[in-house]
Amino acid sequence: MISRARRTPLSDWAWTIDRWLLAAIAMIIVGGLVFSMAGSPPEAERLHLHTFYFVNRQALFLLPALIVMFGVSLLSPRHIRRAALVMYVVFLALVIGTIFYGQEVKGARRWILGVQPSEFLKPAFVVLVAWAFSEGARRKDVPGNWLALLLFPLTIAPLVMQPDFGQTMLLSMVWAILYFMAGLHWMWVVGIGGAGAASALLAYKFVPHVHARIQTFLEPPPSVTAGVPTNFQAETALESFISGSWFGKGPGEGTIKRILPDSHTDYVFAVIGEEFGVVVCLALVALFAFIVLRTLFSAARNDDPFCRFASAGLVMLFGLQSCINMMVNLQLMPAKGMTLPFVSYGGSSLISLAIEMGFLLAVTRRRRHSHALTQQADGRSGAVAHNGPYGPVGAPT
């Protein structure tokens with residue numbers, strides 16, 4: 001058993017980590033590996049690969065992902081900001097590089113050097129925006145809101161050029177939530193919302209594949225191309241849930257998954273519905289909801305501005321991505337090509353989510369400083385600063 005008396009990085013981590021949050025994340029990771037065994041084999045067989053090709057690769061990526069998540073969760077808020085800054089610069093450059101040199105898949109250039117850099121850009125962007133807003137709230141001489149405002153188009157522009165409208169929409173929503181948390185006037189809310197609606201309308205009007213996806217969603221079945229309905233994936237995914245009913249057909253007994261494209265990535269939630277049933281789907285939704293709500297309640301009680309903004313932004317990134325994937329599977333919104341965190345297959349997705357959850361676990365840790373450090377941070381001999389859950393309020397982190 002780890003003693004409180006022996007102060008080591010590992011013991012500090014063990015006593016300050018949010019164990020309920022860690023347990024919920026662990027349950028999703030383990031469940032994701034099990035669900036991968038259901039959704040991946042049909043896709044592997046369609047591609048003439050070994051039956052468990054994708055399952056084995058997912059398990060192979062899982063070990064380094066867990067190591068990365070643990071290592072990142074050990075970091076202090078100061079080191080998190082520094083790591084996010086380095087990540088942002090590197091992966092923004094790679095995102096720009098994909099526009100010119102990236103591998104084209106389904107009409108978009110999102111891959112370069114075997115990596116999808118936009119996946120790693122997301123958590124770095126959220127941490128930097130949280131840093132800008134927190135500094136703006138803490139110090140009136142720092143133009144934090146303007147820095148966050150400048151980061152938004154700098155990040156979104158290359159994603160639109162790929163094009164990757166799913167990630168653009170996701171980051172826009174998280175950025176807007178953080179901007180609202182920073183004390184945004186309601187007139188700005190109307191302005192930003194109007195700009196978002198106008199952008200979506202322009203994309204629908206002038207970008208062919210966006211127009212096709214939305215049109216297919218708004219006008220179901222009749223449209224057929226070469227004998228195959230244009231909304232085949234969405235219709236088949238919905239049929240999977242109906243076929244599985246409440247308790248599913250049983251592991252490995254699904255049949256609709258064999259004709260469902262992307263059953264191991266975008267539509268793995270539909271495979272879960274067919275084989276494990278609606279009850280298991282609801283349990284999975286409850287796990288995602290628990291992580292989001294617990295973190296938001298923790299953020300509301302946090303005295304440290306950076307940790308408050310960062311934890312809220314990171315968990316909303318996680319929660320919104322999950323919601324988008326599940327809504328697409330249930331035909332509640334047009335297809336977005338968004339993976340289900342820790343459940344869908346993908347090496348880049350898994351490692352980037354490990355970093356994202358490592359950041360989240362780090363900023364939700366309960367940090368306390370000694371009496372001497374508190375006095376030093378407060379700058380007054382013999383005075384004790386008020387201690388928040390992340391140390392003395394106003395002290396540098």
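For the record, in the sequence shown the residue sitting at position 192 is 192 according to full-length UniProt numbering, with numbers rising by one throughout.
Backbone N, C-alpha and C define an ideal beta-carbon position, used for all residues, glycine too.
Nothing here was measured: the structure is a model prediction, and the numbers come from that model.
Residue range of the alpha helix (DSSP H) that includes residue i
i, result
"residue 24", "19-46"
"residue 57", "53-73"
"residue 274", "268-300"
"residue 335", "Unbroken run through residue 335: none, as it is neither H nor E."
"residue 329", "305-329"
"residue 179", "165-181"
"residue 363", "347-363"
"residue 232", "232-244"
"residue 10", "9-16"
Sequence-distant residues of the same chain with beta carbon closer than 7 Å to residue i, five excluded per side
i, result
"residue 261", "233"
"residue 20", "294"
"residue 12", "none"
"residue 160", "168"
"residue 329", "237, 267, 269 and 270"
"residue 80", "127, 359, 362 and 363"
"residue 345", "36, 40, 54, 58, 264 and 265"
"residue 195", "none"
Strand pairing of residue i, partner residues [DSSP]
i, result
"residue 109", "104"
"residue 95", "In DSSP, residue 95 forms no bridge with anything."
"residue 142", "Per DSSP, none; premise fails for residue 142."
"residue 115", "112"
Residues of its chain near residue i, where Cβ-Cβ distance is below 6 Å and the 5 sequence neighbours each way are ignored
i, result
"residue 226", "Low confidence applies to residue 226: its pLDDT is 47, below 50, so where it sits in the model is not reliable enough to give any reading."
"residue 70", "none"
"residue 357", "25 and 69"
"residue 103", "111"
"residue 331", "234 and 238"
"residue 44", "51, 53 and 54"
"residue 158", "95 and 96"
"residue 291", "24"
Best match in the options for proximity to residue i [C-alpha to C-alpha]
i, options, result
"residue 174", "276, 270, 311 and 251", "311"
"residue 41", "56, 29, 27 and 30", "56"
"residue 334", "124, 246, 237 and 150", "237"
"residue 304", "183, 43 and 77", "77"
"residue 486", "29, 39, 155 and 100", "Summary: the structure shown does not reach residue 486, with the chain confined to residues 1 through 397, and so no result is reported for it."
"residue 243", "231, 266 and 270", "270"
"residue 308", "47, 73, 46 and 131", "131"
"residue 306", "164, 50, 92 and 181", "181"
"residue 115", "59, 263, 51 and 90", "90"
"residue 92", "74, 121 and 52", "121"
"residue 302", "113, 134, 27 and 59", "134"
"residue 72", "339, 276, 87 and 338", "87"
"residue 176", "153, 342, 35 and 47", "153"
"residue 339", "60, 80, 49 and 119", "119"
"residue 264", "347, 191, 205 and 290", "347"
"residue 165", "203, 183, 149 and 184", "203"
"residue 337", "27, 75 and 163", "163"
"residue 240", "231, 272 and 214", "272"
"residue 342", "198, 65, 205 and 195", "65"
"residue 278", "287, 47, 246 and 288", "246"
Beta-carbon proximity list for residue i, same chain, < 8 Å, skipping 5 on both sides
i, result
"residue 85", "124 and 128"
"residue 156", "168, 171 and 172"
"residue 62", "29, 33 and 350"
"residue 275", "38, 244, 248, 249, 250, 251, 252, 253, 254 and 257"
"residue 7", "none"
"residue 113", "94"
Checklist entry - Using 8 Å as the threshold, is the stretch 251-261 in touch with the stretch 349-361, meaning 3 or more CB pairs across them? => result no
Open item on the list: Quick check: the stretch 276-285 against the stretch 311-318, are at least 3 beta-carbon pairs closer than 8 Å?
Closed with: no
Would you call the stretch 15-34 and the stretch 357-366 in contact, with 3 or more CB pairs under 8 Å? yes
Self-check item: Three-pair Cβ contact test at 8 Å for the stretch 296-304 versus the stretch 140-148
Solution: no
query: With contact counted as at least three CB pairs below 8 Å, one residue from each stretch, are the stretch 161-174 and the stretch 319-328 in contact?
result: yes
*Meets three-Cβ-pair contact criterion under 8 Å: the stretch 93-103 and the stretch 130-140*: no
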